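Take a look at the structure:
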């Protein structure tokens, strides 16, 4: 099932050519903009490649920006009986880098993109050059906001997420601190792929796959990723953190510091969970300077 999204309505703020990878007759959507070193940008839940639109526009003149939509998200297909688990998302990303012959990759990760990206990294450490982390995690924790935990409950979660799209709608209220950024057009962009009960299936499955206990499918995968994080201490790491994030708060930033004590850190005091939305004008030059300082 392909999302019925009218891209003409978004072309002013999402002016990119769509590409698709065939994954067992399912279409996996991605952007491939610019030339140069590869920046592989990985979104979380409930966003899609739209989240990175301003970074792509600001970086594609110097870098190759590859930005997939995880299966079930954005412009990728949304099958109802799919294995929407962390390991499957990593498998799909692995197929993409194989198809595009990507190497010397800088991973740019947000939210679930952290676990998916670091899952790829532990499988292919030789392909990873740098890490850029925005308000994310790739380790186990029992820290979860009450509102998200509520969405994991058997009856409440499916009704709230599938029937009312509350997970995506509430994110537009809570996740971006600079409220003037959330114009009607931008809100339409975030919500466009999730315009029916069927098209919200991955949003629900991501929430259900949060690794809160060993019975959750993602738990052993995250446990393995966590055990390998120290192997990447020799890579340049940049942490850009919205300090007003209701979900990935300062606790998560401090955890990342224990894994990467030499990381370059930028704290955006008034930034929220959608930190790229809040502060892309600052983030783009920070990233370019970081790449140039760590060019070898």
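Numbering (the UniProt record's numbering), first residue to last: 1 to 296. We treat Cβ as the ideally placed atom computed from N, Cα and C, and that holds for glycine. Source: prediction; values computed, not measured.
Reduced DSSP secondary structure (H/G/I, E/B, other) of residue i
i: residue 17; result: coil
i: residue 81; result: coil
i: residue 10; result: coil
i: residue 248; result: coil
i: residue 41; result: strand
i: residue 104; result: coil
i: residue 242; result: strand
i: residue 198; result: helix
i: residue 123; result: helix
i: residue 158; result: helix
i: residue 27; result: strand
i: residue 3; result: Below a pLDDT of 50, predicted positions are generally treated as unreliable, and residue 3, at 48, falls in that range; no measurement from the model is reported.
i: residue 130; result: strand
i: residue 211; result: coil
i: residue 152; result: coil
i: residue 225; result: helix
i: residue 297; result: Limits of the chain in this structure are 1 at one end and 296 at the other, which puts residue 297 out of reach.
i: residue 140; result: coil
i: residue 165; result: coil
i: residue 236; result: coil
i: residue 180; result: helix
i: residue 67; result: strand
i: residue 276; result: helix
i: residue 135; result: strand
i: residue 216; result: coil
i: residue 267; result: strand
i: residue 98; result: helix
i: residue 33; result: strand
Top-ranked residue by Cα proximity to residue i, from the options
i: residue 222; options: 52, 85, 19, 73; result: 85
i: residue 123; options: 255, 294, 232; result: 232
i: residue 121; options: 111, 136, 93; result: 93
i: residue 195; options: 74, 295, 12, 10; result: 74
i: residue 298; options: 10, 202, 112; result: The structure shown does not extend to residue 298, since the chain spans only 1 to 296, so no value can be given for it.
i: residue 293; options: 224, 198, 140, 264; result: 264
i: residue 227; options: 69, 109, 161, 115; result: 115
i: residue 140; options: 251, 278, 17; result: 251
i: residue 127; options: 111, 215, 105; result: 105
i: residue 132; options: 108, 98, 33, 230; result: 108
i: residue 210; options: 197, 153, 198; result: 153
i: residue 212; options: 145, 193, 55; result: 145
i: residue 57; options: 81, 68, 13; result: 13
i: residue 125; options: 214, 166, 225, 217; result: 225
i: residue 281; options: 178, 22, 183, 32; result: 178
i: residue 214; options: 142, 157, 202, 98; result: 142
i: residue 202; options: 32, 15, 53, 157; result: 157
i: residue 87; options: 168, 170, 112; result: 112
Test item: CB-CB of residue i and residue j under 8 Å
i: residue 66; j: residue 30; result: yes
i: residue 47; j: residue 190; result: yes
i: residue 89; j: residue 118; result: no
i: residue 248; j: residue 135; result: yes
i: residue 59; j: residue 42; result: no
i: residue 290; j: residue 238; result: yes
i: residue 28; j: residue 102; result: no
i: residue 200; j: residue 161; result: yes
i: residue 277; j: residue 181; result: yes
i: residue 229; j: residue 138; result: yes
i: residue 7; j: residue 77; result: no
i: residue 80; j: residue 288; result: no
i: residue 197; j: residue 163; result: yes
i: residue 326; j: residue 23; result: The question about residue 326 has no answer here: the residues shown for the chain are numbered 1 through 296.
Assumed close pair residue i, residue j - CB separation to whole angstroms, cut-off 8 Å
i: residue 235; j: residue 130; result: 6 Å
i: residue 34; j: residue 110; result: Not really, about 19 Å apart at Cβ, beyond 8 Å.
Closer than 7 Å: residue i CB and nearest the ligand FMN heavy atom
i: residue 281; result: Only the bare structure without any ligand can be found here, which leaves the ligand FMN out of the picture.
Contact with chain B by residue i, beta-carbon distance below 8 Å
i: residue 164; result: Here chain B cannot be found, since the structure has a single protein chain.
Segment contact flag, the stretch 237–248 with the stretch 204–213, C-beta cutoff 8 Å, min 3 pairs: no
Cβ contact (3+ pairs, closer than 8 Å) linking the stretch 144–154 and the stretch 250–262: no
Examine the Cβ distances between the stretch 170–188 and the stretch 265–274 and report whether three or more of them are shorter than 8 Å. yes
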